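Going by our numbering, the sequence shown opens with residue 1054, and the numbers climb by one from there.
We put the beta carbon where it would ideally sit given N, CA and C, even for glycine.
Fair warning: this is a prediction, and the values are worked out from it, not measured in the lab.
Below is one structure, written out as structure tokens; the observations come after it.
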Amino acid sequence: MNGIVSKWTQLKGNKWQWEKLLDSGDDDPACLAHWKGKIAVANPRKGVKLWTHENGEWKMAERFVPRKDVVTIEFMNDGNSLLCASSDGSVFACTVPEGRVQPVVSFRTKTFHLDVERGANNALITEACGRAHLVNIDFNAQKTEIGRVVQNYSFRESERQGARFNHAFGSIFTSGKLVVFASVGGKVFVWNRVTGVAEYEMNHGGDPFIQAVASFDKGEDRQLVSGIRQGKLFWWAAPGGSSQ
């Protein structure tokens, strides 16, 4: 909350060591993204700042992206570009460290969450209205392909059957061909990324408010972690993995 970017290192005996990396200079930054030797911080009122690790120090780029209202960012293209989404629904990419901006796609409502598929050319973009989209971000493709919406993920009102709909955690990739997005009545849904159909569900019991979901994919060891407002964490074996 104070703009300090920190690192925690686990030591022996389950102890943790804190280390200050840099001071972004913003009292209320919106989000942070990191890549090998690179950290970007976005502030809705001031734009996006970039730091690179050189000769043992973090150095801030003199001028990066002054565009305001950026609410979520993710590195892409092996850290050579940054994908940014704004509160007005526009999504754009910028080169690192030059900061050259290229439009990607624009939606009607606020975009608040991004997830970039590592080693591929796709991104998941989540709108505040309750829709998620699989979008092509391959800048080596034809111009008509850049920003093309490949698939959509959303529930119809009739499918909710009056249950509370929640998408606070945004959409994420998992297990290669699946997408985690949205919860209804305490159930988090896992979608087939190709067909756009919800195929699996993670039932938390009752109707808790699910605030966050994270995915861990490493070979056959695939897991999902979800967190609810009451402070509990739930571990799940991701579909297609061998974890228990």
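- Within the DSSP secondary-structure output, Asp1168 pairs in a beta bridge with Leu1177.
- Note on geometry: alpha-carbon atoms of Phe1145 and Glu1127 lie some 11 angstroms from one another.
- Residues Lys1073, Asp1076 of the same chain have their beta carbon placed closer than 7 angstroms to that of Ile1057, with the five preceding and five following residues left out of the count.
- In the same chain as Ala1185, and ignoring 5 residues on each side of it, the C-beta atoms closer than 8 angstroms to its own belong to Leu1177, Ile1178, Thr1179, Asn1205, Tyr1206, Ser1207, His1220, Gly1223, Ser1224, Val1232, Phe1234, Ala1235, in chain order.
- A direct Cα-Cα distance of roughly 14 angstroms separates Val1123 from Val1157.
- Secondary structure note for Glu1115: it is in no beta strand (DSSP E), with a DSSP letter that is neither H nor E.
- Rounded to whole angstroms, the separation of the alpha carbons of Gln1070 and Lys1196 is 47 angstroms.
- Cβ-Cβ distances below 7 angstroms link Thr1162 to Gly1142, Glu1180, Ala1181, Cys1182 in the same chain, with the five nearest sequence neighbours on each side left out; the list follows chain order.
- Apart from sequence neighbours up to five positions away, the residues of its chain that approach Trp1288 with a beta-carbon distance below 8 angstroms are Gln1276, Leu1277, Val1278, ordered along the chain.
- The alpha carbon of Asp1168 has as its nearest neighbour, out of Val1154, Leu1187, Phe1160, Ser1159, the alpha carbon of Leu1187.
- Lys1091: member of the beta strand (DSSP E) spanning 1091 to 1096, first to last residue.
- Straight across, the Cα-Cα distance linking Val1237 with Gly1249 is about 17 angstroms.
- In chain order, Thr1105, Gly1132 place their CB closer than 6 angstroms to the CB of Lys1091, counting only its own chain and leaving out the 5 sequence neighbours on each side.
- C-alpha of Asp1270 to C-alpha of Asn1108: approximately 32 angstroms in a straight line.
- Sixteen is the threshold: when 16 or more other Cβ atoms of the shown chains lie within 10 Å of the Cβ of Arg1246, as they do, the residue is buried.
- DSSP places Phe1287 inside the beta strand (DSSP E), whose first and last residues are 1286 to 1290.
- Within the region 1186 to 1273, the runs of alpha helix (DSSP H) at least 4 residues long that lie entirely inside it are, in chain order, 1210 to 1213.
- Taking a C-beta distance under 8 angstroms as the contact criterion, Val1149 and Leu1136 do not qualify as a contact pair.
- The three-state reading of DSSP puts Asp1076 in strand, counting E and B together.
- When rounded, the separation of the alpha-carbon atoms in Asn1193 and Ser1159 is 20 angstroms.
- Here Ser1228 is buried. Its C-beta has 16 or more other C-beta atoms within 10 Å.
- Glu1170 is positioned such that its CB atom lies closer than 8 angstroms to that of Phe1226.
- Boundaries of the beta strand (DSSP E) harbouring Thr1062: 1057 to 1063, taken from the DSSP string.
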